[in-house]
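**Student:** In this text, residue positions in the sequence shown follow this note's numbering: the first is 2, and each later residue adds one. Where is the CB? At the ideal position from N, CA and C, for every residue including glycine.
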Amino acid sequence: MENQETPNQEKVNQQFNQQFGQQLGQKQLPNATAVLVLGIISIVGCFCYGIIGLILGIIAVILAVKDNNLYNLNPSLYSVASYKNLKAGRVCAIIGLSLSALYLIFWIVFFVIVGTTAFGSNPFNMMR
Numbered sequence: 002m003e004n005q006e007t008p009n010q011e012k013v014n015q016q017f018n019q020q021f022g023q024q025l026g027q028k029q030l031p032n033a034t035a036v037l038v039l040g041i042i043s044i045v046g047c048f049c050y051g052i053i054g055l056i057l058g059i060i061a062v063i064l065a066v067k068d069n070n071l072y073n074l075n076p077s078l079y080s081v082a083s084y085k086n087l088k089a090g091r092v093c094a095i096i097g098l099s100l101s102a103l104y105l106i107f108w109i110v111f112f113v114i115v116g117t118t119a120f121g122s123n124p125f126n127m128m129r
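1) Just the C-alpha distance for LEU103 and THR118, rounded to the nearest angstrom, thanks.
2) Helix, strand or coil for TYR79 per DSSP?
3) Around the Cβ of ILE44, are there at least 16 other Cβ atoms within 10 angstroms (buried) or fewer (exposed)?
4) Can you give me the C-alpha to C-alpha distance between GLY22 and SER80, rounded to a whole angstrom?
5) Among the candidates VAL115, GLY97, ASN86 and LEU100, whose CA atom is the shortest distance from the CA of ASN32?
6) Indicate whether the contact test is met: 3 or more Cβ pairs, each with one atom in the stretch 53-71 and one in the stretch 107-115, closer than 8 Å.
7) Are CYS47 and LEU100 closer than 8 Å when you measure CB to CB?
8) Report buried or exposed for LEU98, applying the criterion of at least 16 other Cβ atoms within 10 angstroms of its Cβ.
9) Looking at the secondary structure, which residues open and close the alpha helix (DSSP H) in which LEU55 lies?
In structure tokens, the structure reads:
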């Protein structure tokens, strides 16, 4: 029969892995902290007309995919804490990307409307 772990055993194994992972020779994922920092900054950077948030979010997602593939190849080589940081950073990066894209679209639409009214051809007057 296959060795199947109960949820409690899996939780104990994860706690053991987190506490003693460094002592067992496990390493941190190379870009986990960078992904987390870039993801958080991309959320804050979305208010800089969306451009900074987009750039940082894209970089964070690319690094997260790279490290996620690295972790999936050999999970026992890397610590669970760094993998959790990677997942949190990826989520923050996706949120930052979404907010930045919405903010950038808002400003593009705003400038299109203001630009058309400034030059006298208001698209809303044409509908009447």
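**Tutor:** Answer, in terms of the structure:
1) Residue 103 sits at position 102 when you count from the first residue of the sequence shown. Residue 118 sits at position 117 when you count from the first residue of the sequence shown. Answer to the nearest angstrom: the Cα atoms are 23 Å apart.
2) Your numbering for residue 79 matches position 78 in the sequence shown. Note: TYR79 maps to strand in three-state DSSP.
3) Here residue 44 refers to the residue found at position 43 of the sequence shown. Counting Cβ neighbours within 10 Å, ILE44 comes out buried, since at least 16 surround it.
4) To locate residue 22, count along the sequence shown from 1; it is residue 21. To locate residue 80, count along the sequence shown from 1; it is residue 79. With a pLDDT of only 49 at GLY22, under the threshold of 50, the placement of this residue in the model should not be trusted; the figure read from the coordinates follows. Straight-line Cα distance between these residues: approximately 6 Å.
5) Walking along the sequence shown from the start, residue 32 turns up at place 31. The candidate whose alpha carbon is nearest that of ASN32 is ASN86.
6) no
7) Working through the sequence shown from its first residue, we reach residue 47 at position 46. Working through the sequence shown from its first residue, we reach residue 100 at position 99. Taking C-beta atoms as the reference points, CYS47 and LEU100 count as a pair closer than 8 Å.
8) Taking the first residue of the sequence shown as 1, we reach residue 98 at position 97. Under this definition LEU98 is a buried residue.
9) Here residue 55 corresponds to residue number 54 of the sequence shown, with the count starting at 1. Here the alpha helix (DSSP H) through LEU55 covers 52-74.
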